[in-house]
Amino acid sequence: MTETSAQEQTASNPPAPVNVEVDNSYENDSSYGDELSSYSTSLTSSVLDYRHENGRRYHKYRDGSYLLPNDESENDRLDIFHELCLTLLHQKLYLAPIKKPQRVIDLATGTGIWAIDFADRHPEAEVIGCDLSPTQSTLVPPNVKFLVDDITSDWAYESNPFDFIHARYLACSIKDYGKLIKECYRSVKPGGWVEFQDWDVYPQSEDGSINGTGLERYYKEINSAFEDAGYEVRPGVKLEQWFRDAGFVNIRAEKFVIPYGVWPKDEHLKKVGAWNQAQAEANGFEAGALAVLTRFKNWTKDEVTILASQARADGRNRKIHMLHHFYVVYGQRPEN
Ligand SMILES: C[S@@+](CC[C@H](N)C(=O)[O-])C[C@H]1O[C@@H](n2cnc3c(N)ncnc32)[C@H](O)[C@@H]1O
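Count the sequence shown with this note's numbering and you get residues -18 to 317, in order.
Pasting the structure below:
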């Protein structure tokens, strides 16, 4: 996550040995403060800028690398997804056996809701949330800080490592999870823990009731579009192996079922399914499909709208019993 200077000297144009003249004109000039603020505004605006497309808003920093929106509607959906995870894990934010962590980072934090909850529950910890989008709340506990950063770039945390690194729901966001998990290994303290919680976006139905439905078509189209564009859509299934490859020990992988809708009999699964339907109904089907299908597969916005509304309609049919698998995997960096 290091930023390199954009203006590097080339060999054919070596720096001349000049004394850089100082602009002292500001001393009698009351406008210098404005110049400073306009300079910092232009620096931050590249990060705060957004891309608007097909009625949705997207990140601009590292433009194009993440294909879901970052607008209000999407932020509402992510906050509903957080409730889904809390319900699934019986109000736990993580499953790793961490003890009094001092330094914690939430990778690709989204709205920052996990980081804020974690900071509230662990006032002794300093919590960082980082993301491509600066869309997090400003009303946060004093022990949380948000950074705009690209987690697929090289990190600069080795000299100040973390006790706990957390990442959730990066399916369809990341191309090289193996590299990312190795970066986590390098940036967590010996004895510290890393936890990833993620989907297998391939849909399932134990009774075959998804076959031939709008839901089946929706996931077939978006999963193949994300895969063709190089993104990982089944990270949940592969996390345990990536943790092993990176050198973690005491690895534990837990697999969960997330139904879609209130069709399960079991009260807990019914609640989880209701939250899942709620997040998808918050424009979730459109959010997942719009950029990947229009940018990479030449679909029109209207075609995506029809695909998404057929998926949403079939999702309301209690005779269709779709579910996804979700995985929580954690591991420890060896003590020595
Ligand atoms: C589906 S959201 C999940 C957000 C959050 N982790 C949660 O569980 O609510 C994926 C997030 O990953 C962020 N993201 C995608 N690629 C990223 C990258 N290379 N670096 C930092 N953040 C990234 C997106 O901006 C988005 O906020």
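Ideal Cβ placement from N, Cα and C applies to all residues, glycine included.
Note that the structure is predicted; figures quoted are calculated from it, not measured.
{"query": "Completely contained alpha helix (DSSP H) runs for the segment 149 to 176, where each covers 4 or more residues", "result": "158 to 168"}
{"query": "Minimum length 4: unbroken alpha helix (DSSP H) runs contained in the segment 251 to 290", "result": "265 to 278"}
{"query": "Residue-chain proximity (V243, chain D), Cβ-Cβ < 9 Å", "result": "Among the chains in the structure shown there is no chain D, since it carries only a single protein chain."}
{"query": "Spatially closest choice to N257 from E64, D52, V175, V125, by CA coordinates", "result": "E64"}
{"query": "Proximity winner among G211, S205, I232, D188, relative to W244 (alpha-carbon distances)", "result": "D188"}
{"query": "Beta-carbon proximity list for G211, same chain, < 8 Å, skipping 5 on both sides", "result": "K156"}
{"query": "Distance cut-off 8 Å: Y183 Cβ against heavy atoms of ligand 1", "result": "no"}
{"query": "Cβ-based burial, Y83 [other Cβ within 10 Å; buried from 16]", "result": "Per the sequence presented here, residue 83 reads as Gln, with Tyr not at that position. Exposed."}
{"query": "Below 5 Å from a heavy atom of ligand 1 - residues by beta-carbon", "result": "Y47, L59, A89, G91, D112, L113, S114, D131, I132, T133, R149, Y150, S154"}
{"query": "For L128, the first and last residue of its enclosing beta strand (DSSP E)", "result": "125 to 129"}
{"query": "Continuous beta strand (DSSP E) stretch holding R37: start and end", "result": "37 to 40"}
{"query": "Best match in Y75, N35, A294, D57 for proximity to F177 [C-alpha to C-alpha]", "result": "Y75"}
{"query": "H302 burial status per 10 Å Cβ neighbour count (16 or more: buried)", "result": "buried"}
{"query": "Residue closest to D60, alpha-carbon to alpha-carbon, out of F307, N264, D44", "result": "N264"}
{"query": "Span separating the alpha-carbon of P142 from that of V129", "result": "19 Å"}
{"query": "C-beta atoms of K252 and H306 nearer than 9 Å", "result": "no"}
{"query": "Spatial neighbours of T22 in its chain, beta-carbon cut-off 6 Å, leaving aside the 5 residues before and after", "result": "Unreliable placement is indicated for T22, whose pLDDT of 39 sits below 50; the coordinate value is still reported in the next sentence. Answer for T22: no residue qualifies."}
{"query": "Exposure label - R299; buried when at least 16 CB within 10 Å", "result": "exposed"}
{"query": "Runs of beta strand (DSSP E) lying entirely within the segment 44 to 115, each at least 3 residues, in chain order", "result": "84 to 88, 107 to 112"}
{"query": "Cβ neighbour criterion (16 or more within 10 Å) applied to L69", "result": "buried"}
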